[in-house]
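**Q**
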Amino acid sequence: MAGGKETPRQRMIGMMYLVLTALLALQVSNQILQKFVLLNDGLERTSKNYINKNEFTVSSIASTVEQQGNNARDVPKVEASREVRKLTSEIFSYLEDLKQELIETSNARDEQGQYRNSSLKNTDVPGNIFNNNRKGFEMQEKLNAYPVQISAILKEIGLDLTFEDIAKDAKDIEIFQNDSEARNKNFVNLNFVKSPVGAVMALISQYQNEVLNIESESLAAITGSIGSFYFKSDVFKASVAATSNVVAAGTKFEGNLFIASSSSSAQPLMTVDGRQVPVVDGFGEISFTVPPASQYDDRGLARRVLKGEITVNIAGKDSLLSVDYEYFVAQPIIKVTSEVVNQLYADCANDLMIDVPALGNSYAPSFTVSNGTSIQGSKPGQLTVIPGSSGKVNIGVSSGGNKIGDVSYDIKPVPAPTVRLYDARGQIDLSVAYPAPGPSTLIVEAIPEPTFGRTMARDANFEVTGGEVILLRNEVPREKVNISGKNVAIRSLLASSRSGDRLVVRVTEVTRTNFRGNKIRNTQPEIYSITIK
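In terms of our numbering, the sequence shown is residues -6 to 526.
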């Protein structure tokens, strides 16, 4: 974009571009594909608002220059604004043709005009059109030539504005510069190869918005360079230009509330839902956090209506203009990742990563846990949950103080370990007799269940802490020693043993040390027998 501080709209567009680009490589579900369709619809509505606003600005520039007597320094600016509009219209139509080609080639719509999920998932068509047929490379060239051409038009009328490339390779995008897998990808591979049709549609719409945003900045610069801006109008209309009319709960609604014939010198009073909004160059800047809805429809959307009012001087008296703007709140999806996500182990440190992808960079999570305790990690979304002993554990998820939803899991008891006997050579085979006089070394270990041991290593420290080893002869106990740890001293028993005797290992207690270092003792009577040859 042009040098200087970015507007909230520009920051929002930049964030949406990064989110779209980062999600292209994911294997997405039908529900996420539908969100891409909704995002595309919202971006296309924004494009229409942009086009209407920019066309009006072009006509206003011509009208202003004429009303001010066609000043020789300002007359070329009228033609420059028309050239900007013409060039923008051409590149916008070019992108729209590519989008329609993608939709038609992938057969993405059915006979009723509805999108097919199976076609939206298709990753072959985008790669074929944009990579194999080289249209992605042509698209990159045209997109990056556009801001250069706009800057040249502006320079001819004395305006020095430069813009960044629109279609960048991964190495030129900050979030990918440290990503070893993505940073070497060019524009086409990053955006189109192995990318689903639904995501590519939204991405092309985003590029259209970026083109229109550059046009808007250029026309604003031309307008600002003309002398005092006067106009005469007999039709006034209150309008809203929003970044998108589909907004995830917990994220900000951003847009402009404005009069279609407003000038940069006008300072009307503007309110949204009764709250006054700041007015910059005649446009009200709308920004507020969208609370979650009490209920959503089967598409995961809830309808809202923004009520705007503008008080402005018309024909020498204050007039009130009103506008009702419909938008939709999208239900955020809570995504939990963990090795043990289906059930949580009782009294153990279950490490979870809880994310709400729709919130993007605005995700500022906090959690509440019932029937358990929790430890929040150093990164957003990291949470360690220590459930109670039984039942269910419920995790409430909020972001920025706004409740997003709840996730609930069954509490699973810690699986009992398996007791195994070892000598100096390894595990003892209890199915065969042991050579006399018996094992010189006896090790009794409690081995955790494999899945529990792998996923819950900090809580899977078991030790045999109670029991005894008995020397039996003709089923009559002769001597015994106690078990207080894994290494058992049985030399006294071996000294008295004879062929045909048995060493009976009776385990009565196993202790688990959890992640906090606490000892949890469990009675676990088990008997093992070693027959001596």
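Glycine included, each C-beta is placed from N, C-alpha and C at the ideal position. Keep in mind it's a predicted model, so treat the numbers as computed, not measured.
May I ask you to report which of helix, strand or coil DSSP gives Q20?
**A** Here residue 20 corresponds to residue number 27 of the sequence shown, with the count starting at 1. Low confidence applies here, because Q20 scores a pLDDT of 47, under 50, leaving its location unreliable; read the following figure in that light. Coil, per DSSP.
**Q** Restricting to Cα atoms, I'd like to know which of N45, Q107, F123 is closest to R31.
**A** Your numbering for residue 31 matches position 38 in the sequence shown. The displayed chain sequence assigns Leu, not Arg, to residue 31. Among N45, Q107, F123, the Cα nearest to that of L31 belongs to Q107.
**Q** Return helix, strand or coil for T506, following the three-state DSSP convention.
**A** Numbered from 1 along the sequence shown, position 513 holds the residue referred to as residue 506. Residue state, collapsed to three classes: strand.
**Q** Let me make sure I understand the geometry here. Which of P69, K128, L486, T444 has the alpha-carbon closest to that of S218?
**A** For the purposes of this step, residue 218 is identified with residue 225 of the sequence shown, where counting begins at 1. The residue with the shortest Cα to Cα distance from S218 is P69.
**Q** Could you name the residues that DSSP lists as bridge partners for V462?
**A** On the sequence shown, residue 462 is found 469 positions in, with the first residue counted as 1. The partner list for V462 (beta bridge, DSSP) reads V474, V498.
**Q** Exposed or buried, what is G478 when buried is set at 16 or more other beta-carbons lying within 10 Å of its beta-carbon?
**A** As a working mapping, residue 478 is identified with position 485 in the sequence shown. Result: exposed.
**Q** Just confirm the distance between the C-beta atoms of R498 and L376, as a whole number of angstroms; I'd bet it's less than 8 Å.
**A** The count along the sequence shown starts at 1 and reaches residue 498 at position 505. The count along the sequence shown starts at 1 and reaches residue 376 at position 383. A quick correction: the sequence has Val, not Arg, at residue 498. About 42 Å separates the two Cβ atoms, so there is no contact after all.
**Q** Whose C-alpha, out of S209, L313, I523, P325, is nearest the C-alpha of D422?
**A** Against the sequence shown, residue 422 aligns to sequence position 429. Checked all of S209, L313, I523, P325; the closest Cα to D422 is I523.
**Q** With DSSP collapsed to three states, give me the class of S391.
**A** As a working mapping, residue 391 is identified with position 398 in the sequence shown. Reduced to three states, the DSSP call for S391 is strand.
**Q** For the candidate residues S280, F276, T516, whose alpha-carbon lies nearest to that of S232?
**A** Counted from its first residue, the sequence shown places residue 232 at position 239. Closest by alpha carbon: F276.
**Q** Would you please state the rounded distance, in angstroms, between the beta carbons of A73 and I150? I believe it to be under 8 Å.
**A** Within the sequence shown, numbered from 1, the residue matching residue 73 stands at position 80. Within the sequence shown, numbered from 1, the residue matching residue 150 stands at position 157. 5 Å between Cβ atoms; contact.
**Q** Starting from S198 and walking both ways along the alpha helix (DSSP H), at which residues does that stretch end?
**A** The residue you call residue 198 lines up with position 205 of the sequence shown. Where S198 is concerned, the enclosing alpha helix (DSSP H) stretches over 190 to 218.
**Q** Give the single residue among A339, L183, A351 whose Cα lies nearest to the Cα of P408.
**A** Residue mapping note: residue 408 aligns to position 415 of the sequence shown, counting from 1. Among A339, L183, A351, the Cα nearest to that of P408 belongs to A339.
**Q** Report the residue ranges of all alpha helix (DSSP H) runs contained in full by the stretch 105 to 136; include only those spanning at least 4 residues, in chain order.
**A** For the stretch 105 to 136, whole alpha helix (DSSP H) runs of length 4 or above, ordered along the chain, are 110 to 113, 117 to 120.
**Q** Check each candidate in I347, I379, E134, E468 and name the one with the smallest Cα separation from S371.
**A** The sequence position of residue 371 within the sequence shown is 378, counting from 1. When only C-alpha atoms are compared, the closest one is I347.
**Q** Considering Cα atoms alone, identify which of V457, Q269, I525 is closest to L250.
**A** As a working note, residue 250 is residue 257 in the sequence shown. Minimum Cα distance to L250 is reached at Q269.
**Q** Are the beta-carbon atoms belonging to V329 and S392 less than 9 Å from one another?
**A** Here residue 329 refers to the residue found at position 336 when the sequence shown is read from its first residue. Here residue 392 refers to the residue found at position 399 when the sequence shown is read from its first residue. No. Outside cutoff.
**Q** What beta strand (DSSP E) runs, 3 residues minimum, are completely inside the stretch 281 to 338?
**A** Within the stretch 281 to 338, the complete beta strand (DSSP E) runs of at least 3 residues are 294 to 307, 310 to 323, 328 to 330, 336 to 338.
**Q** Taking buried to mean at least 16 other C-beta atoms within 10 Å of its own C-beta, is S112 buried or exposed?
**A** Along the sequence shown, one-based indexing puts residue 112 at 119. The residue is buried, with at least 16 neighbouring Cβ atoms inside 10 Å.
**Q** Just curious, the alpha helix (DSSP H) that K161 is in, first and last residue?
**A** For the purposes of this step, residue 161 is taken as the residue at position 168 of the sequence shown. No alpha helix (DSSP H) holds K161; DSSP gives it neither H nor E.
**Q** I'd like the list of long-range same chain contacts for K178, defined as Cβ closer than 6 Å, with 5 residues on each side in sequence excluded.
**A** Taking the first residue of the sequence shown as position 1, residue 178 is located at position 185. Same-chain partners within the cutoff: A163.
**Q** Kindly indicate which residue of N45, K79, S82, V181 has the alpha-carbon position closest to the one of N126.
**A** As a working note, residue 126 is residue 133 in the sequence shown. Among N45, K79, S82, V181, the Cα nearest to that of N126 belongs to V181.
**Q** Using only alpha-carbon positions, find the residue among K245, E302, S188, E210 that is nearest to Y356.
**A** As a first step, residue 356 must be located in the sequence shown, where it is residue number 363. Ranking the options by Cα distance to Y356, first place goes to K245.
**Q** If we ignore side chains and look at the alpha-carbon of each, how far apart do R495 and E519 end up?
**A** Stepping through the sequence shown from its first residue, residue 495 is reached at position 502. Stepping through the sequence shown from its first residue, residue 519 is reached at position 526. Looking at the two C-alpha atoms, the distance is approximately 16 Å.
**Q** Assign S522 to one of three DSSP states: helix, strand, or coil.
**A** Taking the first residue of the sequence shown as 1, we reach residue 522 at position 529. Strand.
**Q** Hey, could you find the ends of the beta strand (DSSP E) L262 is sitting in?
**A** As a first step, residue 262 is located in the sequence shown; it is residue number 269 there, counting from the start. Note, L262: beta strand (DSSP E), 262 to 265.
**Q** Hey, how far is the Cα of T116 from the Cα of Y87?
**A** Within the sequence shown, residue 116 is the residue found at index 123, counting from 1. Within the sequence shown, residue 87 is the residue found at index 94, counting from 1. T116 and Y87: Cα-Cα distance of roughly 22 Å.
**Q** Have a look at F222 and I159 and give me their C-alpha separation to the nearest angstrom.
**A** Translated into the one-based positions of the sequence shown, residue 222 becomes position 229. Translated into the one-based positions of the sequence shown, residue 159 becomes position 166. Bear in mind that the predicted position of F222 carries a pLDDT of just 34, short of 50, making it too unreliable to give a figure here.
**Q** Just verifying my parser: in three-state terms, what is the DSSP assignment at L250?
**A** What you label residue 250 is simply residue 257 of the sequence shown in a count that begins at 1. It is a strand residue.
**Q** Figure out for me which residue from E468, D452, A295, A323 has the closest Cα to the Cα of L337.
**A** Against the sequence shown, residue 337 aligns to sequence position 344. L337 has its Cα closest to that of D452, out of E468, D452, A295, A323.
**Q** Considering G446, what are the terminal residues of the alpha helix (DSSP H) in which it resides?
**A** Walking along the sequence shown from the start, residue 446 turns up at place 453. Start and end: 443 to 448.
**Q** Buried or exposed for P261, going by 16 or more other Cβ atoms inside 10 Å?
**A** For the purposes of this step, residue 261 is identified with residue 268 of the sequence shown, where counting begins at 1. The residue is buried, with at least 16 neighbouring Cβ atoms inside 10 Å.
**Q** Using C-beta distances below 7 Å, list every residue in its chain close to K405, excluding the 5 sequence neighbours before and after it, in chain order.
**A** Translated into positions along the sequence shown, residue 405 becomes position 412. Cβ neighbours of K405 beyond the five flanking positions: Q336, L337, Y338, A339.
**Q** Please confirm whether G446 and R466 have their CB atoms less than 9 Å apart.
**A** In the sequence shown, residue 446 corresponds to position 453, counting from 1. In the sequence shown, residue 466 corresponds to position 473, counting from 1. No, they are not a contact pair.
**Q** Output needed for D317: all residues of its chain with C-beta closer than 7 Å, excluding positions within five of it in sequence on either side, in chain order.
**A** If you number the sequence shown from 1, residue 317 lands on position 324. Taken in chain order, the residues that qualify are V298, K300.
**Q** Are the beta-carbon atoms of I303 and N343 separated by less than 9 Å?
**A** The residue you call residue 303 lines up with position 310 of the sequence shown. The residue you call residue 343 lines up with position 350 of the sequence shown. It is not a contact, given that the beta carbons lie outside the stated cut-off.
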